[in-house]
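Asker:
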Amino acid sequence: MDKFGILGQSKYFIDNLSENVKRGLRQKLRRGEYPGWAPLGYLNDYKNHNIKIDKKKHKLVKRIFQLYATGEYTLKSLTDKFNELGLASQTGKKLRPGVIHFILKNPFYYGVFKYKGELHEGKHEPIITKKLFDQAQVMLKKRGRSHEKKIHNYIFTNFMNCGTCGCSITAEKQKGHIYYRCTKKKGPCAEKYLREEELTEQLTHEIQKVSCLPDDWPDKMLKQLEVDEKESLKAKAGEIRAFDEKVNIVEDKLDKLLDSHLEGLVEKDIYLNKKEKLINEKVGLEENLAVVRQNGNNWLEPMRDFIFLLIKAKKIAGEGDSLELKAFLKNIGSNFILQGKKFGFLAEFEWALALRASAFPTLLRRQDSNLRHPP
Numbered sequence: 320m321d322k323f324g325i326l327g328q329s330k331y332f333i334d335n336l337s338e339n340v341k342r343g344l345r346q347k348l349r350r351g352e353y354p355g356w357a358p359l360g361y362l363n364d365y366k367n368h369n370i371k372i373d374k375k376k377h378k379l380v381k382r383i384f385q386l387y388a389t390g391e392y393t394l395k396s397l398t399d400k401f402n403e404l405g406l407a408s409q410t411g412k413k414l415r416p417g418v419i420h421f422i423l424k425n426p427f428y429y430g431v432f433k434y435k436g437e438l439h440e441g442k443h444e445p446i447i448t449k450k451l452f453d454q455a456q457v458m459l460k461k462r463g464r465s466h467e468k469k470i471h472n473y474i475f476t477n478f479m480n481c482g483t484c485g486c487s488i489t490a491e492k493q494k495g496h497i498y499y500r501c502t503k504k505k506g507p508c509a510e511k512y513l514r515e516e517e518l519t520e521q522l523t524h525e526i527q528k529v530s531c532l533p534d535d536w537p538d539k540m541l542k543q544l545e546v547d548e549k550e551s552l553k554a555k556a557g558e559i560r561a562f563d564e565k566v567n568i569v570e571d572k573l574d575k576l577l578d579s580h581l582e583g584l585v586e587k588d589i590y591l592n593k594k595e596k597l598i599n600e601k602v603g604l605e606e607n608l609a610v611v612r613q614n615g616n617n618w619l620e621p622m623r624d625f626i627f628l629l630i631k632a633k634k635i636a637g638e639g640d641s642l643e644l645k646a647f648l649k650n651i652g653s654n655f656i657l658q659g660k661k662f663g664f665l666a667e668f669e670w671a672l673a674l675r676a677s678a679f680p681t682l683l684r685r686q687d688s689n690l691r692h693p694p
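In structure tokens form, the structure reads like this:
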């Protein structure tokens, strides 16, 4: 065989191999298998040809989204915080703001992924909901307009008002210490300065008041919630079927859209745009389905959040992280004031009870009664 024949056979072999690789990749994408390295919070499961959750890191990644969505953190402050917590990149290096930004922009975390500009449903387990992802995107867009500019180095500004005149509380640095005071924009005000260390101590004390849940209570309460949740599903079979039908309709549309694209009836740009909308619609339906499963037991999810926050309160009070203290208090109350060098706020109903040490046993008895006899 001459050299041209050998070259011809080699080209045929290479072309055939390339087509087989492409065919295998298309099949992998249709099965929802991500063809790449698992992002931070996940691990490649080579045995099962899948991507699984990294049990050591996924909660920290979820926390990145939760904290950024509050608007209290910049990319830089998040980077510093999670480097201190020991969260490293997949290569073991320290995090950088660019890595945090990439995480926050990656739809993989709510169950889908993009490959060459096309959105695909993933078979991996989501770490966050699409709702939380969307909240983070809103904050990214908002901060992007200000070029990630940090307004102040003062954590507790834009948080409290003066309890005497109602003006906002500002801060200034004097002799190495940060002091908080009334802006006095409405006129003279007799309120005095308060050092940040004293304010932080007061905030910590408020959170310590609600961190006294007995150690054996969380597991008991959460297990009972699971029992009640399963019982509620029996009464929701009809609504669940209705949502399943809607999901099936969207899946049928996706199949028809793909067929139309492969037959040349739909241009690629239109196909990609419509596919992305349909996949996100499906994700939304599936998340709404989870909400439907809770209907009729609307007290379950708030109760679960309440228990988790009580558990979290002890950790936050112990660590003394100022941003965490602020974010936690904003979760449980409003109308934060500074008056007579004392911090105060209006707590939500359950938390108002928990904040009163004398009322806390009553609260626990009432919660226990709710668990055995749900409303």
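Read left to right, the sequence shown gives residues 320 to 694 (the numbering used here).
Beta carbons are placed, not taken as given, at the ideal position from N, Cα and C, and that holds for glycine.
Taking the alpha helix (DSSP H) that K652 belongs to, which residues open and close that run?
Answerer: Against the sequence shown, residue 652 aligns to sequence position 333. Reading off the sequence shown, one finds Gly at residue 652, where the question assumed Lys. Counting along the chain, G652 falls outside any alpha helix (DSSP H), though it belongs to the beta strand (DSSP E) covering G652 to Q658.
Asker: So Q493 is in the alpha helix (DSSP H); what residue range does that whole segment cover?
Answerer: Taking the sequence shown and counting its residues from 1, the one referred to as residue 493 is at position 174. Element bounds for Q493: not the alpha helix (DSSP H) but the beta strand (DSSP E), I488 to Q493.
Asker: Identify the continuous beta strand (DSSP E) that holds I370 and give its terminal residues.
Answerer: Within the sequence shown, residue 370 is the residue found at index 51, counting from 1. N369 to I372 is the extent of the beta strand (DSSP E) around I370.
Asker: Using 7 Å as the limit for Cβ to Cβ distance, is F478 near chain C?
Answerer: Absent here is chain C; the protein component of the structure consists of one chain.
Asker: Are the CB atoms of I598 and E440 within a distance shorter than 7 Å?
Answerer: For this step, residue 440 is matched to residue 121 along the sequence shown. For this step, residue 598 is matched to residue 279 along the sequence shown. Closer than 7 Å, so yes.
Asker: Determine the extent of the beta strand (DSSP E) in which K504 is found, giving its start and end residues.
Answerer: Taking the first residue of the sequence shown as 1, we reach residue 504 at position 185. Unbroken run through K504: none, as it is neither H nor E.
Asker: Give every residue of the same chain whose Cβ lies closer than 6 Å to the Cβ of L513, excluding the five residues on either side of it in the sequence, and list them in chain order.
Answerer: If you number the sequence shown from 1, residue 513 lands on position 194. Closer than 6 Å at Cβ, skipping near neighbours: Y499 and K660.
Asker: Return helix, strand or coil for L608, following the three-state DSSP convention.
Answerer: Here residue 608 refers to the residue found at position 289 of the sequence shown. Looking at L608 - three-state DSSP - the assignment turns out to be helix.
Asker: Classify F421: buried if its beta carbon has 16 or more other beta carbons within 10 angstroms, exposed otherwise.
Answerer: In the sequence shown, residue 421 corresponds to position 102, counting from 1. Under this definition F421 is an exposed residue.
Asker: When you compare only the Cα positions, how much space is there between S688 and A666?
Answerer: Taking the first residue of the sequence shown as 1, we reach residue 688 at position 369. Taking the first residue of the sequence shown as 1, we reach residue 666 at position 347. At S688 the pLDDT is 49, less than 50, meaning the model places this residue with poor confidence; the figure from the coordinates comes in the next sentence. Computed Cα separation, rounded: 23 Å.
Asker: Below 8 Å on the Cβ atoms is my contact criterion, and I expect T502 with C486 to pass it. Report the Cβ-Cβ distance as a whole number of Å.
Answerer: To locate residue 502, count along the sequence shown from 1; it is residue 183. To locate residue 486, count along the sequence shown from 1; it is residue 167. Sure, about 5 Å apart at Cβ, within 8 Å.
Asker: Less than 7 Å between C-beta atoms, sequence neighbours within five positions excluded: which residues of the same chain meet that for V457?
Answerer: On the sequence shown, residue 457 is found 138 positions in, with the first residue counted as 1. Contacts found: none.
Asker: Give me the residue from Y473, I589 and K505 with the minimum Cα distance to Q493.
Answerer: Looking up residue 493 in the sequence shown gives position 174. Nearest of Y473, I589 and K505 to Q493, Cα basis: Y473.
Asker: With a CB to CB cut of under 8 Å and the five nearest residues on each side skipped, what residues in its chain are close to K575?
Answerer: What you label residue 575 is simply residue 256 of the sequence shown in a count that begins at 1. Excluding sequence neighbours, K575 sits near nothing in its chain.
Asker: Could you tell me the distance, in whole angstroms, from the CA atom of H368 to the CA atom of A357?
Answerer: In the sequence shown, the residue the question calls residue 368 occupies position 49. In the sequence shown, the residue the question calls residue 357 occupies position 38. Distance between the alpha carbons of H368 and A357 is about 12 Å.
Asker: To the nearest angstrom, report how far apart K376 and S396 are at their CA atoms.
Answerer: Along the sequence shown, read from residue 1 onward, the residue named residue 376 stands at position 57. Along the sequence shown, read from residue 1 onward, the residue named residue 396 stands at position 77. Each residue's Cα considered, the two are about 19 Å apart.
Asker: Let me confirm a value: E510 is counted as buried when at least 16 other C-beta atoms fall within 10 Å, else exposed. Which label applies?
Answerer: Against the sequence shown, residue 510 aligns to sequence position 191. By the neighbour-count rule (16 or more Cβ atoms within 10 Å), E510 is buried.
Asker: With 16 as the cutoff for other CB atoms within 10 Å, does R684 come out buried or exposed?
Answerer: For the purposes of this step, residue 684 is taken as residue 365 along the sequence shown, with counting starting at 1. For R684, the predicted structure reports a pLDDT of 48, less than 50, and the residue's modelled location is therefore unreliable. A value from the coordinates is still provided. It counts as exposed.
Asker: Quick one: Cα of Y590 to Cα of D373, how far?
Answerer: Translated into the one-based positions of the sequence shown, residue 590 becomes position 271. Translated into the one-based positions of the sequence shown, residue 373 becomes position 54. In a straight line, the C-alpha of Y590 is about 34 Å away from that of D373.
Asker: Check L581 in the structure and name its three-state DSSP category.
Answerer: As a first step, residue 581 is located in the sequence shown; it is residue number 262 there, counting from the start. Residue state, collapsed to three classes: helix.
Asker: Determine, using beta carbons only, whether L522 and L644 come nearer to each other than 7 Å.
Answerer: Position 203 of the sequence shown, counted from the start, is the residue given in the question as residue 522. Position 325 of the sequence shown, counted from the start, is the residue given in the question as residue 644. Result yes, Cβ atoms of L522 and L644 sit closer than 7 Å.
Asker: Nearest-angstrom Cα distance between N654 and M479?
Answerer: Against the sequence shown, residue 654 aligns to sequence position 335. Against the sequence shown, residue 479 aligns to sequence position 160. Cα to Cα, the separation comes out at about 7 Å.
Asker: At what residue ranges does the segment 397 to 425 contain a whole run of the alpha helix (DSSP H), taking only runs of 4 or more?
Answerer: Runs of the alpha helix (DSSP H) inside the segment 397 to 425: 416 to 424.
Asker: Suppose contacts are defined by Cβ-Cβ distances below 7 Å. Is L459 in contact with L414 by that definition?
Answerer: Within the sequence shown, the letter at position 140 stands for residue 459. Within the sequence shown, the letter at position 95 stands for residue 414. It is not a contact, given that the beta carbons lie outside the stated cut-off.
Asker: Strictly by DSSP, which residues pair up with H439?
Answerer: Mapped onto the sequence shown, residue 439 falls at position 120. According to DSSP, H439 bridges with F432.
Asker: For Y392, count neighbouring Cβ atoms within 10 angstroms of its own Cβ and tell me buried if that reaches 16, exposed if not.
Answerer: Counted from its first residue, the sequence shown places residue 392 at position 73. By the 10 Å Cβ count, Y392 comes out buried.
Asker: Checking 7 Å against the spacing of the C-beta atoms, do I419 and T398 come in under that value?
Answerer: Translated into the one-based positions of the sequence shown, residue 419 becomes position 100. Translated into the one-based positions of the sequence shown, residue 398 becomes position 79. Taking 7 Å as the Cβ cut-off, I419 and T398 qualify as a contacting pair.
Asker: Quick check on I497: does DSSP put it in helix, strand or coil?
Answerer: Here residue 497 corresponds to residue number 178 of the sequence shown, with the count starting at 1. The answer is strand: DSSP assigns I497 an E or B state.
Asker: Report the CB separation of L604 from F562 in whole angstroms; it is logged as a contact under 8 Å.
Answerer: As a position in the sequence shown, residue 604 is number 285, starting the count at 1. As a position in the sequence shown, residue 562 is number 243, starting the count at 1. At roughly 6 Å, the Cβ-Cβ gap stays under 8 Å, so L604 and F562 are in contact.
Asker: Would you check whether the ligand GDP has a heavy atom nearer than 6 Å to the C-beta of Q454?
Answerer: Although the ligand GDP was asked about, the structure shown includes no ligands whatsoever.
Asker: So, do the segment 434 to 452 and the segment 344 to 354 have three or more beta carbon pairs nearer to each other than 8 Å?
Answerer: Yes, since at least three Cβ pairs between the segment 434 to 452 and the segment 344 to 354 fall closer than 8 Å, the two stretches touch.
Asker: Just verifying my parser: in three-state terms, what is the DSSP assignment at K661?
Answerer: Along the sequence shown, read from residue 1 onward, the residue named residue 661 stands at position 342. The answer is strand: DSSP assigns K661 an E or B state.
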